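One structure is given here, and the rest of the page talks about it.
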Amino acid sequence: MASDSSPANFNNGPSSPDDSFSSPIPNTSSPAHRRRRGRRQASTPSTAAATPPPNPSRFANSASTPTPSRSTKRGRRPATSPTPAAAATPSSTDDFPPPSSDGGDDMEEATPTFVWGTNISVQDVKNAIQMFIKHFRDPQELSNDIYGEGKYTRMIHRVLEVEGEWIDVDAHDVFNYDSDLYNKMMRYPLEVLAIFDIVLMDIVSLINPLFDKHVQVRIHNLKSSTSMRNLNPSDIEKMVSLKGMVIRCSSIIPEIREAVFRCIVCGYHSDPIVVDRGRITEPTSCLKQECMAKNSMTLVHNRCRFADKQIVRLQETPDEIPEGGTPHTVSLLMHDKLVDAGKPGDRVEVTGIYRAMSVRVGPTQRTVKSLFKTYIDCLHIKKNDKSRMTAEDPMEVDKGSQRVDDDVQFDEEKVEELKELSKQPDVYEKLTRSLAPNIWELDDVKKGLLCQLFGGNALVLPSGASFRGDINILLVGDPGTSKSQLLQYIHKLAPRGIYTSGRGSSAVGLTAYVAKDPETGETVLESGALVLSDRGICCIDEFDKMSDNARSMLHEVMEQQTVSIAKAGIIASLNARTSVLACANPSGSRYNPRLSVIDNIHLPPTLLSRFDLIYLILDKADEQTDRRLAKHIVSLHFEDTEIAEHDVIDLATLTAYVSYARKNIHPKLSDEAAEELTRGYVEMRKRGNFPGSSKKVITATPRQIESLIRLSEALARIRFSEWVEMRDVTEAFRLLEVAMQQSATDHSTGTIDMDLITTGVSASERMRRESVLSAARNIIMDKLQLGGPSVRLLELLEELKKQSSGGEIHLHDLRTAVATLASEGFVVLHGDSVKRI
Amino acid sequence: MGGPPYDCMANPLGAVRLTFEKAIGLGSETVTHPSAFEGKDWGALELFRHFLFQESGLSKVPILNPKTLRWVQHNSLVRYRGMIQDMLGNEFYVGAYRDDGSSWRTNKFTDFSQYPMQSPSDTCIWERRLLYCVPVPGQSSWAEPSCDMDPNWSPQRREKRRRMDGEDSDPMDLVPEDEVKSSPITKKMREDGLPSTSPEPMDLKTASSSSGMSTVQFVDKDNLPCLVKIYDSPESDLKLNDVFEFIGVLTFDSELAVEKDDNELSNSFYDDALVHMPPNKVPRLHCIVHRKLAVHDFLPGSPIMEPKPHLVKEIREALFRHLTAVLGNDGVAAHFMLLHLLSKVHTRVDDVAIGKLSLNLIGLSKESVSVFGTRLTQTFKSLLPCTKCLPLTLEYLNTASLAPKKDYQTNRLIPGVLQLPEGSHLMVDETQLESGSLNSIGIENTKILKNLIEFQKVEYDFQFYKVEMAADIQLLIFSDGKSNIVPADVIVPFQPSALESSEIPVAEALEAWRWYLATVKSLPHSIGSEMQKVVEDDLVAARQADRSLGSQDFSRWLTMARLISSSLGETCLSLEHWQMVKELERLRNERLK
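For the protein sequence lines, the chains are B and H, in the order given.
Take the first sequence: its letter number 36 is residue 41 in my numbering, and every next letter is one higher.
Take the second sequence: its letter number 297 is residue 1066 in my numbering, and every next letter is one higher.
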């Protein structure tokens, strides 16, 4: 028996003020009906309201064929009805067969009522729903609270307390409790939801008979969600769940629900007249017996009741668009509380009923239009996204305006897959191979980049000191060594990041910019690239071309991970927990191996020391590499088949892998790893002391140990391991060494020299300078008399060359030496001549 | 079956109906419920394919363009050639229903049901795809399909059709007497020769309301968009920017145009297509058969020739002479130009588009561009099916919308200049660029251009995100110095030695050249293992000698090698061709010094 406890005076008219089409709210009726009505209206308009539909067709007969019958009951329950139903979303209340005047009453006698065309008994469904609400218990709570109230019973109580208007029902719960009910709900949502509402109202009125709000059910979290592209006619009238992006919201449309008229002659107010099939029948004469004036009734606007509705367009997210296609869109109909639930740009997951309605039939139209417009009658909307700036987890947000990464909701299957992958012994190698598979060689660079992607653990001590977990990498190299491609690739892969070129970036473009709103005069902060890539990777191309000014602010970002702004009225410190991946060209067009890195890239040493890894990508004249390049390019051009990349993880999996690891894996140092770190570090520092060498070369600085920790953490993450093990530390040392050997090699001695980076001058260079200085001093002491005639520099140089056994001495070396002497007050330098004083 | 009892051209819907009735077994004992078709084909396609391709009915089908639009019949079979500019999603329609006599009818390939639907429960809802198509951008006049169709075609047909109606009592024809009424109007139009002048629209409008005649006024005479409705085709078949020929039923539902309701609600709820593309501006085509058009299909009536090497060489020689003449006797430039015109992207590996060869002619001033630029434009127009020219001025950069952009107000993809079909040729004239500042649009545009030339991809702006679409556009840049905004693959200093205009080639020659360009472009290509070794050795040696050579240079050489051997009609790289590449590069480098 359907619905009979619910209000008897169901109104069967649609609530729209405009009948023929334009208000979709009431048009939850099936399209077919609309067509029929249109026709009927054309012929005998007045019969429309009165004609009851053929009884058997009151329910949808089949899913793909909308029936006309529902339309007769699609009206909303008017507020005047005993059970307040005005706030109902149409989808849940409409179309349910109410015992309305139009032939519905007879249902009371017919005991087994079936959803038309099926063998689903209304009573069975009702019972099932009652059972579900009463007895469903969250499996997690089951153990401790077996006699307590069910999840939804409690929820109903809570709703009553807060005077809420709906109850969110998790479709998974329904499925777990009664999969049959779930299937019925999916297939006949209109009917089942209406029954659901009625059951709910029964329960509510049992608990609190005075509760005067209509409580509705909102289903969400369906077992499966459909892609917008795959919606097809068989989905009509079914419950569907879609993901997409809100692109457009209409303004809120007040929809009249009931109207009150006043007689302008006698001032008599009519009873509220309820919308009937989208139409209000204006009384033609005053209803007051004494008056009876003709055509005297006017609408009293402020006594009418209106409800909100809104039409929202949802568009496919970029990842669902097939190649060579444009995104699909679908219209959503929102009611009441759902209005303005989503704003343009929001990513949402919507649960609703897919509906179709026929396009309006023009009154003059002779032929019947056979088109349908489809929309989703929205039941529940869930925002998937936090906005970029507030998102806590870096992986859940898009990166830049370029690619919007959907928040990776890892389903179990995917997690299993990723875990499986992580268990492979060669996962590290595999990931390295999969990183920019088209750029080969550079394996160690790729390993470093991989570490950067995974990142170390950021640490904040209770004392307030914080250690960054982000790994900064600088690539220096010859032109044409695919540095930029690497950068682009990482940018693509990184969960969030900004790609910028140093040439065009200004300091404010990178950090933040204070602007005055021209209208309000308020000062607003606009984030720059670094702030925007908070918890991501900021890729800076052409780092060397950046202005000094812009570069200097990177100091703060790279160590403190904040951006500070002090502008009139605004002193702010913004988080910029970003990894910096920069690439630079040597100052000459090619790297000059005879010069130090500093000389080659012209970067301030203070900044350089903030990079954990500095890779020199040099173009070695190696025939083997050249041959590989040649082979690669020839095969690229002449094998029309795609070059099979063996054993490579695809980009999507790689991204998911990185995201998952960053989100869920937080490795800690194991004891032995910590020991190894200490040992290794001490060794590194010792290495500077060559046996029998007086040269003091600093090989490592405390910054390096931090880098090492970060790197080994990242390496553990790659394996999905919660503990940093020995091998991670060993590999971290290796990575650092590889990078150092390239960047910090003192080219005259071949040892690692951190001084090269921190000061720009190598120890051996310093020693050489000192020897030149002392030699020059000796010569001057020997040759020149105090206050005697001056000597030309070139002569001195000759003298010097004669004395020094090996090693070439250049004029400029001598000049520097003499300058030093002059500063000591030992000599005076006049142009080219030296005079002892 | 003897001759078909229907006229596929004048009354395609009749044919559809017949096959439908046959398929559901009308008249026989067992009637199949049409829902079994699920909107899929029931045999009508076969019939039309047979008619179009076996009985060579294709050439008889009129091509829809602003000219033919005036006399083409409503509900008749037409052809339309265009590029898919936008995809408007799917549309649900009543596919089959029961009429008064409770026999099943179908609505496939039409907008209206011709019979009243009896019981709305007896309907099947099917879906079709909507594609918004525009004439191919930059199409050269020769590539337009010839419409030598006899305009008197329709009356003859009409007679035939009426005869048929007698036998068939086809209620599909709306109101025969209306047609009679309307034909004088169309005739008058033709006689006047001023079809779109003021008094007529009134006439036409009245005519259109009573008849199904296609009496629609178009604002833009050369630009006839068309809303194509696709049935029975997998989504992956039709891609954005593809050029297709659609053959199907033309409809003008002029009555829909009446509904101009500015209610926001209806706007956002109706398919925006109806609101923003009123049917009186955009004809609807219910596509029965569609085929993708390759360059070959643009060649008017040329027989498919076997690309025999000697023939190819001959044509190549002639074309090369012509190009040299056009380029003021600059042979080197002509060589590169020829290769450039033959280039196309054949594979993509990750971001790298292989096979493109964009050309930058440097050393051109404003003055010389006006001479050679115009000359080249003419030449390209006569040789290539689709060409376009971009004057790269500061103002243009700052205002033009190069990439397509989605407008959510109208729910349409606003076309950009760079929304071009595969294989288009684009000339960029940078000589007119003067120094000045770019605004944000300008910066965006330069980025788009750079992206296009480097990766052959255009980013379409969907406001909330961008979608990269692969493109295949030949780019030719004129500039004074090397262009940095549009960095091309090959930079050739242009050194003309003669200014006098070249002779105008005869039509046969042009036809042969077009055929040559189209054919050679699609030749397969391979390399022998020996040759591969030679090439590799050469590359290694070159790199050992000059460290500045990178993968880009190698890529360019190999592309050129492929193009040179293709241009000679060969499918396999030979040593000779490779030597030619090296020689060409040597000549080019000499000029660059």
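Note that beta-carbon positions come from the ideal geometry of N, C-alpha and C, so glycine has one too.
As the structure is a computational prediction, the values presented were derived from the model and not from experiment.
The CB of B/A635 comes closer than 7 Å to the CB of E1305, L1308, V1309, F1323 in chain H, given here in chain order.
Membership of H/K1157 in the beta strand (DSSP E) is indicated by the continuous run 1156-1160. Shown here, B/C456 sits in a helix according to DSSP, grouped into three states. When DSSP reads this structure, H/H1059 sits in a beta bridge with H/F1015. When C-alpha distances from B/G330 are compared across H/L857, H/S1112, H/R1360, the shortest belongs to H/L857. Restricting attention to B/M244, B/T231, B/R163, B/R632, the CA atom closest to the CA of B/R192 is found in B/M244. Relative to the Cα of H/L838, the nearest Cα in the group H/R1144, H/Y849, H/S828 belongs to H/Y849. Each residue's CA atom was taken as its position, placing B/G533 and H/D1307 some 48 Å apart. Between B/V481 and B/L621, the CB-CB gap stays under 8 Å. Counted as a single uninterrupted DSSP element, the alpha helix (DSSP H) harbouring B/M160 occupies residues 156-167. For B/D539, the secondary structure class from DSSP, reduced to helix, strand or coil, is coil.
In terms of Cβ geometry, B/I444 and B/L586 do not form a close pair [threshold 8 Å]. Residue environment: H/D1258 is assigned as buried (16 or more neighbouring CB atoms within 10 Å of its CB, all protein chains considered). Among the residues of chain B, those whose CB is under 7 Å from the CB of H/R1312 are D631, following chain order. For H/R897 against H/I1057, the beta-carbon gap comes to about 12 Å, at or over 8 Å, which does not count as contact. As far as DSSP is concerned, H/D1099 takes part in no beta bridge. The DSSP-derived three-state label of H/M1329 is helix.
Per the C-alpha coordinates, the member of B/D655, B/H162, B/H637, B/R142 positioned closest to B/V179 is B/R142. Close to H/E860, with beta-carbon spacing below 8 Å, are these residues of chain B in chain order: L376, F377.
When 7 Å is used as the limit between beta carbons, H/R1331 is near these residues of chain B: H642, in chain order. Residues of chain B with a Cβ closer than 9 Å to the Cβ of H/S1005 are, in chain order, P327, E328, G329, G330. Between B/D539 and B/A571 the beta-carbon gap is near 20 Å, outside 8 Å, which marks them as no contact. Proximity of chain H to B/M250 at the Cβ level (cut-off 7 Å) is accounted for by F1233, in chain order. When only Cα atoms are considered, B/K228 and B/E321 end up about 20 Å apart. Excluding sequence positions up to five before and after B/E730, its CB lies within less than 8 Å of the CB of S675, E677, A678, A721, all in the same chain and listed in chain order.
Judged by DSSP in its simplified three-state form, B/K243 adopts coil rather than helix or strand. Contact between the segment 1202-1209 of chain H and the segment 1159-1174 of chain H is present: 3 or more CB-CB pairs across the two stretches fall below 8 Å. H/D855 has a beta carbon lying within less than 8 Å of a beta carbon in chain B. The segment 1219-1235 of chain H makes no contact with the segment 1274-1288 of chain H; the number of CB pairs closer than 8 Å stays below 3. H/E896 reaches chain B at N237, P238, counting residues in chain order whose Cβ is nearer than 7 Å. Contacts with chain B at 8 Å (Cβ-Cβ) include H/Q1301. Identification of residues in the segment 1229-1263 of chain H having a C-beta nearer than 9 Å to some C-beta of chain B yields Y1229, F1231, Q1232, F1233, Y1234, K1235, V1236, M1238, A1239, given in sequence order. Per the C-alpha coordinates, the member of B/I619, B/K521, B/S557, B/A463 positioned closest to B/G507 is B/S557. In terms of Cβ geometry, B/H225 and B/D175 form a close pair [threshold 8 Å]. Closest in alpha carbon position to H/R1053, among H/L993, H/L816, H/L821, is H/L993.
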